[in-house]
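Undergrad:
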């Protein structure tokens with residue numbers, strides 16, 4: 001029986017979001033004629049590009065934005081999609097990868113901070129479902145929080161995936177001349193991945209003192225706090 | 001495992017054991033569970049741990065997860081353990097942990113006796129959410145003119161035979177507020193933001209609208225010349241594209257739709273002044289138009305009473321048609337109720353084309369309420385005529401009410417009183433079915449001597465009582481039907497189970513036979529083998545045979 005530590009070499013994965021649905025997180029922050037439009041959502045990269053234009057038109061119409069927003073929105077979305085697509089087909093990473101994901105976001109009156117582990121190899125994972133469970137367990141009623149959490153998770157996963165692509169590319173370039181077996185070291189902690197050997201060696205139950213770091217911390221702000229924070233963001237943004 | 005709890009697989013059995021051990025209940029279908037082992041069920045459901053694919057997913061890891069979660073739950077079995085509580089204490093991928101958690105929950109190993117989770121969101125009609133203003137992502141437009149008929153968001157719940165019936169509104173992909181409520185939106189000038197009620201100039205190429213003032217003053221954005229603008233006068237408040245529908249035309253339209261469901265040519269012919277397209281547009285705009293079209297497509301009357309009721313509404317406006325429709329009304333419910341309500345309410349709003357649409361679109365299922373609503377909106381003469389027709393129908397059915405009713409006709413001279421008294425009479429005729437005629441006659445005679453307010457009250461009471469009795473009968477009938485259906489369902493299930501059991505038994509039988517056959521075969525082979533060995537031994541070639549497999553057997557022989 002082979003021990004898992006010496007798992008045989010796995011073929012590198014092609015780039016994609018390490019979640020069940022391959023959606024791209026998109027963030028917009030556009031300012032035109034004194035109007036500011038901030039938004040964040042997920043997009044299906046397999047949708048035809050005509051959908052982007054339609055979406056932008058709809059948004060401008062619904063939110064009564066100045067027509068100057070339209071080309072900007074289209075351009076921003078398309079550029080982010082293009083970036084995503086440029087990574088497609090490239091090798092991502094090999095072997096096990098469990099990364100820590102951190103949440104620290106404010107959605108209207110709710111501030112949430114959390115930390116947990118995510119397995120990049122688990123293609124059943126669903127950030128939306130995790131967000132839903134989290135909101136239900138903690139008792140968050142604001143329906144905007146769930147999608148914001150899911151989006152934050154997706155963004156981090158996206159970042160990590162990109163990092164992995166670039167590091168895999170570097171690795172390959174470094175090892176180009178070698179004739180030896182192209183065996184990517186599995187347990188090498190690259191980027192954000194954790195050293196699984198160390199992590200899973202003893203017990204998978206955390207020490208009690210660490211429990212508070214890995215549970216979600218929820219804060220409800222009052223109206224004044226929200227206004228103050230928003231003003232601060234406007235000034236800095 | 002410091003604390004070894006006993007688990008009681010059968011939640012009903014009691015054990016007269018030592019009191020130090022705690023008793024935890026788990027369902028009987030989870031009796032395979034054992035602390036020091038991993039069962040096949042677990043291996044099947046959570047294959048990831050048993051494939052040896054990663055150091056983070058081993059049986060040992062799984063067992064630790066499982067034991068921790070179950071122990072955590074058993075610290076306090078009466079509270080519901082949430083996933084978030086456990087995942088903070090366990091190292092590993094949260095999705096996988098969630099899978100383990102859900103597995104344990106479905107098998108009742110955790111949260112079995114805990115209270116069910118609080119339901120949020122969908123069924124919070126008893127909980128009112130007070131929100132300050134609109135949600136962040138939504139901009140608020142001016143409230144639509146409430147007199148305009150509503151458009152698309154009619155509940156499309158009448159499609160029978162569809163898979164899932166949503167209680168909400170079905171909107172197309174990427175639908176936005178302005179699509180759905182588009183026509184209700186007042187047009188705003190793109191320049192100055194004023195309302196363009198009186199008239200506006202529409203830029204022909206793009207959807208750009210400028211009010212009269214801005215057009216005259218010449219500021220309508222760069223790149224547009226005066227010729228490109230088209231004057232559109234929106235002085236009329238019709239929601240159609242500038243086409244005016246008079247009441248007669250609407251009536252004709254509805255009539256012809258009722259007659260020829262889908263055949264728009266015939267409909268257009270009937271409504272001579274309007275084209276096919278106009279007819280269809282107008283019909284869609286009427287709040288119940290969608291349902292008419294739907295039932296047309298369905299190929300029949302989805303529910304004759306509601307159709308008739310709805311169909312009757314706009315027609316009420318013209319007195320010439322009301323008789324026929326009021327008889328339709330009667331088929332659905334007791335005409336007396338409507339009458340009595342009418343007698344009570346003095347304030348009759350003039351029937352307007354706009355009012356009717358507002359109420360019908362949010363009609364609830366209660367017939368009484370609908371009747372009440374309808375009766376408040378039509379003229380008193382119409383409801384009086386309705387009551388007359390209703391009484392006529394009832395009289396046709398039974399002879400007794402006719403006597404009572406028409407016998408008292410002499411007394412009923414006052415126009416405003418007649419509805420009430422007639423209601424009274426009809427109410428009496430209902431009660432007739434249960435009590436003797438003489439009693440009711442007495443009561444009736446007494447009532448005619450009684451002062452007006454009391455008469456009204458009596459009429460109200462009898463009317464309500466009649467409706468209530470009928471409702472109760474209907475309810476009983478429904479209950480009986482339900483019981484019957486449930487019994488049929490249960491029977492069917494039982495039959496299914498029986499056939500399954502039989503199937504299993506047959507399979508078992510086959511298996512046993514096969515097993516026996518295999519045993520025989522095994523023995524046979526063994527016998528052959530022994531023979532061969534014997535012959536080889538006899539011929540003295542034992543040494544040439546391979547030592548490995550034969551050694552142990554021939555060891556004793558040689």
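Protein chains in written order, with the UniProt record's numbering: chain A, 1 to 237; chain B, 1 to 558. Quick reminder that beta carbons are idealized off the backbone N, C-alpha and C, glycines included. Computed from a predicted model, the values in this text were never measured in an experiment.
So what's residue 102 (chain A) in DSSP terms, helix, strand or just coil?
TA: strand
Undergrad: By the 7 Å beta-carbon criterion, what residues does the stretch 194-208 of chain A contribute toward chain B?
TA: 196, 197, 199, 200, 203, 204, 205 and 206
Undergrad: Chain A partners of residue 79 (chain B), CB-CB under 8 Å?
TA: Here the premise fails: no neighbours, minimum Cβ distance about 13 Å.
Undergrad: Restricting to runs no shorter than 3 residues, where is the beta strand (DSSP E) found entirely within the stretch 1-86 of chain A?
TA: 24-32 and 35-43
Undergrad: Taking residue 56 (chain B) and residue 98 (chain A) to be in contact with their CB atoms under 8 Å, please state how far apart those CB atoms are, rounded to whole angstroms.
TA: 6 Å
Undergrad: Three or more C-beta pairs under 8 Å: does that hold for the stretch 152-167 of chain A against the stretch 17-25 of chain A?
TA: yes
Undergrad: In three-state DSSP terms, what is residue 263 (chain B)?
TA: For residue 263 (chain B), the secondary structure class from DSSP, reduced to helix, strand or coil, is coil.
Undergrad: Mind pulling the beta strand (DSSP E) runs of 3 or more residues that sit fully within the stretch 126-162 of chain A?
TA: none
Undergrad: In chain A, what lies closer than 9 Å to residue 92 (chain B) by C-beta?
TA: 98, 117, 119, 199, 200 and 204
Undergrad: Could you list the residues in the stretch 220-237 of chain A with a C-beta less than 7 Å from some C-beta on chain B, going in chain order?
TA: none
Undergrad: Whole-angstrom Cβ separation of residue 113 (chain B) and residue 77 (chain B), contact assumed at under 8 Å?
TA: 5 Å
Undergrad: Does the Cβ of residue 511 (chain B) have 16 or more other Cβ atoms within 10 Å, making it buried, or fewer, making it exposed?
TA: exposed
Undergrad: Need the endpoints of the alpha helix (DSSP H) that residue 493 (chain B) sits in, please.
TA: 452-538 is the span of the alpha helix (DSSP H), which, as asked, contains residue 493 (chain B).
Undergrad: Take the Cβ of residue 370 (chain B) as the centre, count every other Cβ of all protein chains shown within 10 Å, and call the residue buried at 16 or more, exposed below.
TA: buried
Undergrad: Can you name the residues of chain A whose CB is closer than 7 Å to the CB of residue 83 (chain B)?
TA: Residues of chain A with a Cβ closer than 7 Å to the Cβ of residue 83 (chain B) are, in chain order, 133 and 137.
Undergrad: Measuring CA to CA, which of A:136, A:157, A:114 and A:131 is closest to residue 123 (chain A)?
TA: Looking at A:136, A:157, A:114 and A:131, the one whose alpha-carbon comes closest to that of residue 123 (chain A) is A:157.
Undergrad: Using a Cβ-Cβ distance cut-off of 8 Å, determine whether residue 73 (chain B) contacts chain A.
TA: Taking 8 Å as the CB threshold, residue 73 (chain B) stays off the interface with chain A.
Undergrad: Check the DSSP bridge columns for residue 110 (chain A) and list the partner residues they point to.
TA: A:107 and A:220
Undergrad: Using only the alpha-carbon positions, how far apart do residue 210 (chain A) and residue 485 (chain B) sit?
TA: Distance between the alpha carbons of residue 210 (chain A) and residue 485 (chain B): 57 Å.
Undergrad: Name the residues in the stretch 32-50 of chain A whose C-beta lies less than 9 Å from a C-beta of chain B; which are they?
TA: 39
Undergrad: Any idea if residue 420 (chain B) is buried or exposed, counting beta-carbon neighbours within 10 angstroms, 16 or more meaning buried?
TA: Note on residue 420 (chain B): pLDDT 47, under 50, position unreliable in the model; the coordinate value appears next. Classification for residue 420 (chain B): buried.
Undergrad: Using the three-state DSSP reduction, which class does residue 32 (chain B) fall into: helix, strand or coil?
TA: coil
Undergrad: Quick one: using the 10 Å Cβ neighbour count with 16 as the cut-off for buried, is residue 279 (chain B) buried or exposed?
TA: buried
Undergrad: In chain A, which residues lie less than 7 Å from residue 68 (chain B) when you measure between Cβ atoms?
TA: 205
Undergrad: Nearest to residue 222 (chain A) by CA position, among A:36, A:106 and A:13, is which residue?
TA: A:106
Undergrad: Could you tell me whether any Cβ in chain A is nearer than 8 Å to the Cβ of residue 96 (chain B)?
TA: yes
Undergrad: For residue 254 (chain B) versus residue 270 (chain B), is the C-beta spacing smaller than 8 Å?
TA: Cβ distance not < 8 Å, so residue 254 (chain B) and residue 270 (chain B) don't count as in contact.
Undergrad: Can you tell which of B:46, B:110 and B:531 has its C-alpha closest to the C-alpha of residue 69 (chain B)?
TA: B:110
Undergrad: Report yes or no: do the stretch 73-93 of chain A and the stretch 33-46 of chain A share at least 3 C-beta pairs separated by less than 8 Å?
TA: yes
Undergrad: For residue 371 (chain B), decide whether its Cβ has a neighbour in chain A, counting only Cβ atoms nearer than 8 Å.
TA: no
Undergrad: Among all the DSSP beta bridges, which residues are the ones paired with residue 116 (chain A)?
TA: A:101
Undergrad: Buried or exposed, going by whether 16 or more other CB atoms sit within 10 Å of the CB of residue 17 (chain B)?
TA: Since pLDDT at residue 17 (chain B) reaches only 44, below the 50 mark, its modelled position is unreliable, and the value read off the structure follows with that caveat. Exposed.
Undergrad: Taking Cβ to Cβ, would you say residue 268 (chain B) is nearer than 8 Å to residue 259 (chain B)?
TA: No, the Cβ-Cβ distance between residue 268 (chain B) and residue 259 (chain B) is not below 8 Å.
Undergrad: If we cut at 8 Å on Cβ distances, does residue 69 (chain A) have a partner in chain B?
TA: Interface annotation, residue 69 (chain A): not in contact with chain B, CB-CB separation never under 8 Å.
Undergrad: Determine whether the Cβ of residue 18 (chain A) lies closer than 8 Å to any Cβ atom of chain B.
TA: With 8 Å as the cut-off, residue 18 (chain A) does not count as an interface residue toward chain B.
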